[in-house]
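Colleague:
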Amino acid sequence: MIRINYDALGIAASIACAIHCALLPIFLSSLTILGMDIINNLAFEAAMIALATLIGYRSLRHGFRSHHHSRTPVIIFGIGIILLILKQVWHDRQLLFLIPAILAIVTAHLINLSYCRRSDKGHSPSCTH
Numbered sequence: 046m047i048r049i050n051y052d053a054l055g056i057a058a059s060i061a062c063a064i065h066c067a068l069l070p071i072f073l074s075s076l077t078i079l080g081m082d083i084i085n086n087l088a089f090e091a092a093m094i095a096l097a098t099l100i101g102y103r104s105l106r107h108g109f110r111s112h113h114h115s116r117t118p119v120i121i122f123g124i125g126i127i128l129l130i131l132k133q134v135w136h137d138r139q140l141l142f143l144i145p146a147i148l149a150i151v152t153a154h155l156i157n158l159s160y161c162r163r164s165d166k167g168h169s170p171s172c173t174h
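Residue numbering for the sequence shown follows our numbering, beginning at 46 and increasing consecutively.
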């Protein structure tokens, strides 16, 4: 059976989102001349945010329930997702929200991964799983 490391997937998705939002306009600005605008495409942006949310939810839920029981990664991840949504609301200031959003999401995944690895070395006696 193939095991997916959702923290690594979440980190990769967050970095892909950052690349899309920060670098893609530089390379693809000529696409608007051809009538293709994936840079400011609301559906694409919403899909990327949904993807990051789903991957993060899956990863953090598993880490919380099965390993560490800490809300810290969940809270940091939630802040990151809220900042991504705010980036869409105030699109003219998207980098103001994007950079801290990506940092928060990646940090949440790294903390979750760290907590999961540490907890695998031994659960506390009060652990019910």
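Even for Gly, the Cβ is constructed at its ideal location relative to N, Cα and C.
Nothing here was measured: the structure is a model prediction, and the numbers come from that model.
(1) Looking at His154 and Ile56, is the spacing between their C-beta atoms short of 7 Å?
(2) Below 7 Å between beta carbons: does that hold for Gly108 and Phe122?
(3) Measuring alpha carbon to alpha carbon, tell me which of Thr98, Ser59, Leu96 and Arg110 ends up nearest Cys161.
(4) From what residue to what residue does the alpha helix (DSSP H) around Ser104 run?
(5) May I ask you to report which of helix, strand or coil DSSP gives Ile47?
(6) Given a cut-off of 7 Å on the beta-carbon distance, is the pair Lys132 and Leu148 in contact?
(7) Cα separation between Ser112 and Gln139?
Modeller: Per the coordinate set shown:
(1) A contact, by the Cβ cut-off of 7 Å.
(2) no
(3) Considering only alpha carbons, the answer is Arg110.
(4) Leu87 to Gly108
(5) coil
(6) The answer is no: Cβ separation not under 7 Å.
(7) According to the sequence as given, residue 112 is His; it is not Ser. If I take the Cα positions, the gap works out to 35 Å.
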